[in-house]
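Notes follow the structure.
Protein chains: 2
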Amino acid sequence: MLSKKTKYGLKALTYIARASKECPVQISQISKSEHIPHKFLESILLTLRKSGFLGSKKGKLGGYYLLKEPKDILMTDVLRILEGPIAMVPCVSLNFYEKCDDCVDEHACSVNKLMIQVRDSTLNVLRNNTLADLSSVEANDNIVK
Amino acid sequence: MLSKKTKYGLKALTYIARASKECPVQISQISKSEHIPHKFLESILLTLRKSGFLGSKKGKLGGYYLLKEPKDILMTDVLRILEGPIAMVPCVSLNFYEKCDDCVDEHACSVNKLMIQVRDSTLNVLRNNTLADLSSVEANDNIVK
DNA sequence: GTAATCCCTACTAATCCGATAGGATTAATA
DNA sequence: TATTAATCCTATCGGATTAGTAGGGATTAC
């Protein structure tokens, strides 16, 4: 399950990407428009800033803005920051690897075998989606039947 | 993240599939071999039985056995019972659909758009894996480099 | 009858998640 | 300079979920 944190974070990034580049976007603006609790969103944008996706401007007329072009913001990177590992089990995670305590031989494990496939197919999708893809409006039409 | 319940459940099913078909497999046998807490495994096998994957025999020399051929046990079905929805957000779930409370228009939602793709690629993997694939020993070799 | 096994319900400790509180800091502007 | 509006930061909290345990009941081979 995707956490609300990640979901809100993605929505916020999309919102910022769509907004004019002239002035920074405020938390309260996103919060109202996307129906995200203000304080919660605040903490999410803080992590996104600390991990280098967003820049911020303090004080009156302050807000957040993208530090990179939307097309250069990969979903793999965003998801790893907000949600953590993409793999469903630590023993197949590329960035957050951990050995199972119950497994003797990882390569003989049936769960491992299956979850490697799931991981790879998920990675394939996430690597081929950037913030630009998320924030483009028309691209959704070929999915809706 | 895959829950331990699901992980243990998959391992147990694999174990049973690999075991001889003559006599039922006991909880304690699986528990020892796979390093799964006995009582926890008991509750997992109970759900697998109640959902029609396993049959059981009570009393001495009792245990669990598969009700179908391994090749007819799809990972999609097992995962949905043990883990719940395969989709990462309820609003793109086929079997556990729920509307988001924060989304006004689902089809305009960037998260929705992305998660449909993730769901489909995951489903594609899970639909193409049966218990027979998990329990075959040699098939892993082409993955390990 | 006894031992081994599954069946069932309830409980618990720990962790995580979603959200909030409250103030500190910074900057525009009147 | 005072005011206002924004981000920054740390701490906290209740509820839900997870992982696992307890304890006894029912069933069956021997």
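Residue numbers (the working numbering), protein chains in the order written: chain A, 1 to 145; chain B, 146 to 290.
All residues carry an ideal CB built from backbone N, CA and C; glycine is no exception.
- Legend: CB atoms of the stretch 256-269 of chain B lying less than 9 Å from CB atoms of chain A belong to residues Val-256, Asn-257, Lys-258, Leu-259, Met-260, Ile-261, Gln-262, Val-263, Asp-265, Ser-266, Thr-267 and Asn-269.
- The stretch 87-142 of chain A contains, as complete alpha helix (DSSP H) runs of 4+ residues, the segments 110-127 and 131-135 (chain order).
- Apart from sequence neighbours up to five positions away, the residues of its chain that approach Leu-276 of chain B with a beta-carbon distance below 6 Å are Leu-158, Ala-162, Pro-215 and Ile-218, ordered along the chain.
- Per DSSP, Leu-2 of chain A is not a residue of any alpha helix (DSSP H), being assigned neither H nor E.
- For Asn-274 of chain B, the nearest beta carbon of chain A is closer than 8 Å to its own beta carbon.
- Shown here for Leu-67 of chain A: same chain residues with a beta carbon closer than 7 Å to its own, the five before and five after excluded, namely Gly-52, Phe-53, Leu-54 and Gly-55 in chain order.
- Residue contact check for Val-78 of chain A against chain B: no CB pair falls below 8 Å.
- Contact with chain B is absent for Thr-47 of chain A, since none of that chain's Cβ atoms lies less than 8 Å from the residue's Cβ.
- In this structure, DSSP gives Lys-202 of chain B an extended state, which the three-state scheme calls strand.
- With contacts defined by Cβ atoms closer than 8 Å, Lys-244 of chain B and Cys-236 of chain B form a contacting pair.
- Shown here, Leu-67 of chain A sits in coil according to DSSP, grouped into three states, outside any helix or strand.
- Identification of chain B residues near Ile-36 of chain A by a Cβ-Cβ cut-off of 7 Å yields Asp-247, ordered along the chain.
- Distance from the CA of Ser-173 of chain B to the CA of Arg-264 of chain B, rounded to the nearest whole angstrom, comes to 36 Å.
- Residue pairing by DSSP places Leu-219 of chain B opposite B:Thr-275 in a beta bridge.
- The C-beta of Leu-82 of chain A comes no closer than 8 Å to any C-beta of chain B.
- Proximity to Val-125 of chain A across A:Leu-79, A:Phe-40, A:Val-111 and A:Cys-23 peaks at A:Leu-79, based on C-alpha coordinates.
- Following the DSSP letters along the chain, one finds Ile-189 of chain B inside the alpha helix (DSSP H) bounded by residues 183-195.
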